[in-house]
Amino acid sequence: MNRPHLTAEHITRQFQIDGEPLIALDDINLDIAQGEFVTVVGASGCGKSTLLRLFAGLDIATSGTIRHADEQVVEPSLHRGIVFQEPRLFPWLTVEKNVSLGLLNSKLTKARKADLVREHLELVGLSRFTNVYPHQLSGGMAQRAGIARGLVSRPNVLLLDEPFGALDAITKAHLQDELQEIWAKENITMVLVTHDVEEAVYLGDRVVVMSPRPGRIREVVPVKLARPRRRTSSDIANLRDRVLKSLHATGENTRPKGLKSADDGSHVERAVALAR
Ligand SMILES: Nc1ncnc2c1ncn2[C@@H]1O[C@H](COP(=O)(O)OP(=O)(O)OP(=O)(O)O)[C@@H](O)[C@H]1O
Ligand SMILES: [Mg+2]
71 MNRPHLTAEH ITRQFQIDGE PLIALDDINL DIAQGEFVTV VGASGCGKST
121 LLRLFAGLDI ATSGTIRHAD EQVVEPSLHR GIVFQEPRLF PWLTVEKNVS
171 LGLLNSKLTK ARKADLVREH LELVGLSRFT NVYPHQLSGG MAQRAGIARG
221 LVSRPNVLLL DEPFGALDAI TKAHLQDELQ EIWAKENITM VLVTHDVEEA
271 VYLGDRVVVM SPRPGRIREV VPVKLARPRR RTSSDIANLR DRVLKSLHAT
321 GENTRPKGLK SADDGSHVER AVALAR
């Protein structure tokens with residue numbers, strides 16, 4: 071591997087739920103190379119979004135260190151873009167204004183910012199929709215706007231949290247290919263969280279398989295397939311089966327006594343009982 075560009079070193083994230091500690095992530099170690107495309111899969115509640123937020127600097131680990139280009143990550147940065155599962159566009163702002171929010175903390179001139187916004191709207195195929203409002207966009211177009219906002223500051227890391235989860239299969243396939251083209255062109259380090267194992271294998275250089283209770287890395291599966299890849303190839307199908315097998319492997323993680331693990335459901339049961 072080239073020198074790691076983005077790293078998680080012994081990351082643990084503990085939350086308090088109902089006054090009790092809950093371990094969302096437990097000793098996560100991951101080195102991601104410059105320009106690598108890493109995908110992350112795992113059951114709901116295993117800590118994928120938590121990990122992505124830590125990489126983004128939107129949250130701070132209970133222990134351990136996140137580094138980006140050798141610097142410790144302690145806050146968000148224009149060098150790290152993030153794309154959320156829902157496009158999270160402000161309904162009262164035009165597409166152009168929504169995308170320019172990705173440059174909110176940038177010190178660039180107004181003219182340069184406008185150029186960047188234009189350039190990135192073009193990159194995601196939304197040039198003709200700069201002055202429309204989010205409700206005038208389809209789901210796929212709104213997600214494209216979210217991707218443009220994540221990319222507009224020209225980050226060298228792009229973090230994507232299930233960006234295509236809510237889209238139909240055809241739109242999803244289009245956007246996956248567009249994202250892959252952008253990645254190849256811009257040499258951005260990508261970390262994409264997904265529930266879709268096929269997507270993880272199709273896009274990733276490596277697939278990180280996480281296990282729940284508490285969130286840990288179970289396995290990292292390399293995808294040594296040349297690009298462009300064929301979705302229907304037997305290689306993709308074999309790797310998908312391998313990742314699925316790893317995901318469904320039994321064997322609960324052990325955890326320190328007295329500490330709740332993430333997503334064991336007990337906090338939900340307590341909440342329901344309280345609400346009664
Ligand atoms: N701010 C928070 N406060 C308390 N608990 C939290 C917080 N954020 C996440 N958690 C808990 O951490 C665990 C992991 O949550 P996370 O959102 O990272 O899971 P996920 O793998 O992204 O799940 P999904 O696939 O459903 O999106 C969950 O049990 C969740 O309840
Ligand atoms: Mg999530």
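Take any residue in the sequence shown, note its place counting from 1, add 70, and you have its number in this note's numbering. Just so you know, even glycine gets a beta-carbon here, dropped at the ideal spot from N, CA and C.
Quick check on this structure: which residue in the options has the alpha carbon closest to the alpha carbon of residue i?
| i | options | result |
| --- | --- | --- |
| I136 | L178, H75, G172, G89 | H75 |
| L228 | E269, D185, L191, R150 | R150 |
| V165 | A215, D140, L178, D185 | A215 |
| G112 | A296, K255, L207, D266 | D266 |
| V194 | V261, I252, R310 | I252 |
Between which two residues does the alpha helix (DSSP H) holding residue i run?
| i | result |
| --- | --- |
| E166 | 165-170 |
| I240 | 239-256 |
| L221 | 209-221 |
| F125 | 118-126 |
| M308 | Before going on, a small fix: residue 308 reads as Asn here, not Met. From DSSP, the alpha helix (DSSP H) with N308 extends over 304-318. |
| E189 | 180-193 |
If the criterion is Cβ atoms closer than 7 Å, does the pair residue i and residue j meet it?
| i | j | result |
| --- | --- | --- |
| F160 | D231 | no |
| G105 | N257 | yes |
| V277 | R288 | no |
| V108 | K118 | no |
| T77 | D101 | yes |
| S114 | T82 | no |
| V293 | V313 | no |
| L95 | F85 | no |
| H190 | A218 | yes |
| V291 | L122 | no |
| G172 | S223 | yes |
Report yes if the C-beta of residue i is less than 6 Å from at least one heavy atom of ligand 1; otherwise report no.
| i | result |
| --- | --- |
| K315 | no |
| A103 | no |
| A270 | no |
| S281 | no |
When the Cα atoms are used, what is the spatial distance from residue i to residue j?
| i | j | result |
| --- | --- | --- |
| E79 | A212 | 35 Å |
| P204 | K242 | 19 Å |
| D238 | L245 | 11 Å |
| A131 | L221 | 25 Å |
| F125 | V143 | 7 Å |
| E90 | R283 | 15 Å |
| L174 | L273 | 30 Å |
Using a Cβ-based criterion (distance less than 6 Å to any ligand heavy atom), does residue i qualify as near ligand 2?
| i | result |
| --- | --- |
| S119 | yes |
May I ask which residues mark the beginning and end of the beta strand (DSSP E) holding residue i?
| i | result |
| --- | --- |
| H75 | 74-87 |
| A103 | 90-103 |
| V430 | Lying before the first or after the last residue shown, residue 430 is absent from the chain, which here runs from 71 to 346. |
| L229 | 227-231 |
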